[in-house]
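A.B. asks:
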Amino acid sequence: MSGELRRDHVKAWIDELGGDSETPLEDESEVKVGVDDDDSRSLIVKLLRVYRQLVQDTGDCPPATALSTEHHIDTGEAAPIMLKRRRQAQTEDAVVETNVRKMLAAGVIEGNGAWGFLRETFPVVLVKKKDGEVRFCVDYRALNKITNKDVYPLPRIDETLEAVGGTLLFSTLDLKAGYWRIKMADEDKAKTAFLTKQDDIVMAALSST
C-alpha cells in the first residue's frame, strides 16, 4: 500500500465497492494481518468481507472458474504418447476414485465420452505429503518433454525494488488450486487424458502436476 494511500481514501474505496463489509467472515478471529494498528486491520478485514467469495474454503477441490484465458499445449508435430496405467493397491484405487469423483463434480475434469477414442493417456501417481495425506497427481513428464516452451522476459529486480519504494504495507496472495483456475483449450484437452481403473479421464483445467 503506497504511502500516499490514506485510510480515508481506503474507506471511501471500500464503500464504493458495495457488498457486505459488516457481516463477519467464518473464523474471522483466525485472520492474520501483519499490522499492529487496529484501524488498518479493520479496513483490511472489511475488504476481505466484501470479497468473501474469494476467501471461502470450498474444500480440497474448488470448482473450476470461467476465466476467458485458455491454456494451450503446443506439441508441434510430435507423435502422441500413450502410457500404461500403473498398478496400485486397492486402497490406492479408492483414493483415486474419490479424487476423480470430486474433480468431475467440480468441473475440473471431464469424462472421455465427448472425446471418443483417445490417442494420449498418462498414469496417475499418488504422492504422500509430509503430513501423511496423499496428493493425487498425474505424471505428465513425457508430455512436458515434447511441449514447446513459452519463454517470457523477466522484469529487472532493481527496477522492481525501485517501484515499491516508499511503500508502507506489503501483501502476498496464494491462489488455492491456482492451476485449476485456467481452462484448457478444447483442442488440447485430449492431450492431458489420464488413466484410471474405471475410465479414461480428460483434464478440463490445468493440472498442478
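Everything in the sequence shown is counted per this note's numbering, starting at 18 for the first residue and increasing by one. Cβ atoms here follow ideal geometry from the backbone N, Cα and C, with glycine treated the same way. All values derive from a computational prediction rather than experimental measurement.
Looking only at C-alpha atoms, which of L190, L100 and R152 sits nearest to P140?
C.D. replies: In the sequence shown, counting from the first residue as 1, residue 140 sits at position 123. Closest option to P140, Cα to Cα, is L100.
A.B. asks: Kindly indicate which residue of I218, G93 and R173 has the alpha-carbon position closest to the one of K166.
C.D. replies: Residue numbering aside, residue 166 sits at position 149 when the sequence shown is read from its first letter. Taking only the C-alpha atoms, the option nearest K166 is G93.
A.B. asks: Which of the three DSSP states is assigned to L212 in this structure?
C.D. replies: The residue you call residue 212 lines up with position 195 of the sequence shown. Three-state DSSP puts L212 in a strand.
A.B. asks: If you drop the 5 nearest sequence neighbours on each side, which residues of the same chain put their C-beta closer than 7 Å to that of K63?
C.D. replies: To locate residue 63, count along the sequence shown from 1; it is residue 46. The answer, listed in chain order, is I31 and S38.
A.B. asks: Ignoring anything shorter than 4 residues or poking outside the stretch 111-199, list the alpha helix (DSSP H) runs there in chain order.
C.D. replies: List check, alpha helix (DSSP H) in window: 158-163 and 174-180.
A.B. asks: Give the DSSP-derived three-state secondary structure of I218 in the structure shown.
C.D. replies: Here residue 218 is taken as the residue at index 201 of the sequence shown, counted from 1. Looking at I218 - three-state DSSP - the assignment turns out to be strand.
A.B. asks: Could you tell me the distance, in whole angstroms, from the CA atom of D205 to the CA atom of L65?
C.D. replies: Numbered from its first residue, the sequence shown carries residue 205 at position 188. Numbered from its first residue, the sequence shown carries residue 65 at position 48. Rounded to whole angstroms, D205 to L65 spans 36 Å at the Cα level.
A.B. asks: Mind checking if I163 is an interface residue toward chain B, Cβ cutoff 8 Å exclusive?
C.D. replies: Within the model displayed, chain B is absent; a lone protein chain is all it includes.
A.B. asks: Give me the Cβ distance between V151 and V125, rounded to the nearest whole Å; I'm assuming they're in contact under 8 Å.
C.D. replies: As a working note, residue 151 is residue 134 in the sequence shown. As a working note, residue 125 is residue 108 in the sequence shown. Not confirmed; about 17 Å, so no contact.
A.B. asks: Quick one: grab the DSSP three-state call for H26.
C.D. replies: Numbered from its first residue, the sequence shown carries residue 26 at position 9. Looking at H26 - three-state DSSP - the assignment turns out to be helix.
A.B. asks: Tell me which same chain residues have a C-beta within less than 6 Å of the C-beta of D91, skipping the five on either side of it?
C.D. replies: Taking the first residue of the sequence shown as position 1, residue 91 is located at position 74. Here the set comprises N165.
A.B. asks: Suppose you measure from the CA of G36 to the CA of V52; what does that come to, to the nearest Å?
C.D. replies: Here residue 36 refers to the residue found at position 19 of the sequence shown. Here residue 52 refers to the residue found at position 35 of the sequence shown. Straight-line Cα distance between these residues: approximately 24 Å.
A.B. asks: Can you give me the start and stop residues for the alpha helix (DSSP H) that E204 sits inside?
C.D. replies: The residue labelled residue 204 in the question sits at position 187 within the sequence shown. Residues D203 to K206.
A.B. asks: Among all the DSSP beta bridges, which residues are the ones paired with E45?
C.D. replies: Numbered from its first residue, the sequence shown carries residue 45 at position 28. According to DSSP, E45 bridges with nothing at all.
A.B. asks: Going by beta carbon distance, what residues of the same chain come within less than 8 Å of K146, once the five residues before and after it are set aside?
C.D. replies: As a working note, residue 146 is residue 129 in the sequence shown. Excluding sequence neighbours, K146 sits near R152.
A.B. asks: Starting from K228 and walking both ways along the alpha helix (DSSP H), at which residues does that stretch end?
C.D. replies: The chain is shown from 18 up to 226; residue 228 falls before or after that span and cannot be answered.
A.B. asks: According to DSSP, which residues form a beta bridge with H88?
C.D. replies: Position 71 of the sequence shown, counting from 1, holds the residue named residue 88. Looking at the DSSP assignment, H88 forms a beta bridge with M201.
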